[in-house]
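Here is the structure we will look at.
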Amino acid sequence: MSTLELPGYRDQSPEVAARFERLRQRPVALEVRGLTKRFETPRGVVTALDDVSFQVHKRELMCVIGPSGCGKSTLVRILAGLETPSSGEVRVYGEPVSGPGSDRGMVFQGYTLFPWLSVKENVMFGPRMAGKSAFSAEREAREWIDLVGLSKFENAYPHQLSGGMKQRVAIARALANQPRVLFMDEPFGALDAQTRCKMQSYLLDIWKNVDITIVFITHDLDEAVFLSDRILVLDANPGRVHEVVEVPVPRPRSEAQLFDPTFMATRKHIDGIMHPPGSGQKETPVMRLAVSDPDVV
Ligand SMILES: Nc1ncnc2c1ncn2[C@@H]1O[C@H](COP(=O)(O)OP(=O)(O)O)[C@@H](O)[C@H]1O
Ligand SMILES: [Mg+2]
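Numbering of the sequence shown is given in our numbering, commencing with residue 117 and proceeding in unit increments.
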């Protein structure tokens, strides 16, 4: 059988169907209803998001995937309360979102640690701002730093850390505020491929140990399938929900699953949504860089 005829995605077993039924029965952590966002620009109105609705359940890890410019960052900024929608609403455990709040945490692609603070001080920052004593903020920070595997580096400064380590601190710092939902906007996008794979596994390990719901933005298909319970696939221009894809790949996930038929079938299904037949660019002619010469092979 060729990989193009893989069974799997539509061919879900009763166990997988039951798993998603259980997921749907869990409380709704995040509810997005009719979200539309228009930007006025000198070139006219841009509709970044058009009537986007979906739900994320407690302790679910949902990835949002879509082409560049489809409104992923706009969506996550609205969910975080950093931007107001043109219409529609967002609720976290039933409470309407009207601005930033400690119930929601955020990790961005860019390194956002305070460069003048050590790892421990960066992680302590949120708890201290929330009024905790230096003693308890430090104790809590140590636990989060331990969870992301950086105990040996608690006194290091951001410039002494690799990109992957900085993002682990950023995750610890976000978790230290004890949010109920964590938003991650392409957090591993700037890392090399190998570090990125390791970070995906770290994130799943962390998520397993923390009572948190995660919405993870990416444009990388393998990353989305590897991490997610379900994947929200967005169309571009305007950003609309195309489909919510259930990922049947069992947990715990491991890199070995990248070649499992179920993984590949899910990947192929989403690839087919994002790149429907006939949507590709016309073949560009190959540039002739040298005059052809029958002696040169
Ligand atoms: N502040 C803004 N002003 C005007 N247009 C914006 C602004 N932010 C985003 N956009 C536009 O909205 C669309 C979605 O952008 P964005 O959310 O950054 O997409 P993505 O993160 O999926 O690449 C794009 O067309 C972008 O140019
Ligand atoms: Mg973006």
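Here a beta-carbon is modelled for each residue, glycine too, at the ideal position from N, C-alpha and C.
Here the structure is a predicted model, which means the values were calculated and not measured.
Item, Value
"CB contact flag (K282, L337, <8 Å)", "no"
"Where L120 sits in the DSSP three-state scheme", "Low confidence applies here, because L120 scores a pLDDT of 43, under 50, leaving its location unreliable; read the following figure in that light. Residue state, collapsed to three classes: helix."
"Which residues DSSP lists as bridging R154, in chain order", "T163"
"Given 8 Å, three or more beta-carbon pairs between the stretch 249–261 and the stretch 205–213", "no"
"Check: K153 C-beta below 7 Å from any heavy atom of ligand 2", "no"
"Distance cut-off 7 Å: C313 Cβ against heavy atoms of ligand 1", "no"
"Nearest neighbour of Q294, chosen from R220, T200 and C186 [CA to CA]", "R220"
"Three or more C-beta pairs below 8 Å linking the stretch 318–325 and the stretch 131–151", "no"
"S169, DSSP secondary structure in three states", "strand"
"First and last residue of the uninterrupted beta strand (DSSP E) at I333", "T329 to T334"
"Own chain partners of V172 with C-beta closer than 7 Å, once the 5 adjacent residues on each side are dropped", "A145, L146, M178, T329 and V331"
"Distance, E205 Cα to V349 Cα", "20 Å"
"D351 CB to nearest heavy atom of ligand 2 below 7 Å", "no"
"Other residues of its chain near I261: CB distance less than 7 Å, five sequence neighbours each side excluded", "V235, K236, V239, S267, E270 and A288"
"Residues of its chain near M117, where Cβ-Cβ distance is below 6 Å and the 5 sequence neighbours each way are ignored", "Annotation note: pLDDT 40 at M117 (below 50); position unreliable, coordinate value reported separately. None."
"Burial state of M222, where buried means 16 or more other Cβ atoms lie within 10 Å", "buried"
"DSSP state of P303 mapped onto helix, strand, coil", "coil"
"8 Å Cβ cutoff met for D301 and I333", "yes"
"Cross-strand partners of M94 (DSSP beta bridge)", "For the chain, the structure presents residues 117 to 413; residue 94 sits outside this window and is missing."
"Cβ-heavy atom distance, E302 to ligand 2, below 7 Å", "yes"
"Beta-carbon proximity check, G187 vs G355, cutoff 8 Å", "yes"
"F299 versus E199 - alpha carbon distance", "14 Å"
"DSSP state of E270 mapped onto helix, strand, coil", "coil"
"Rounded separation between L195 and K174 - CA only", "16 Å"
"Pairwise C-alpha distance: F379 and Y318", "19 Å"
"Terminal residues of the beta strand (DSSP E) in which G388 lies", "Where G388 is concerned, there is no enclosing beta strand (DSSP E), although the alpha helix (DSSP H) it sits in stretches over P377 to M390."
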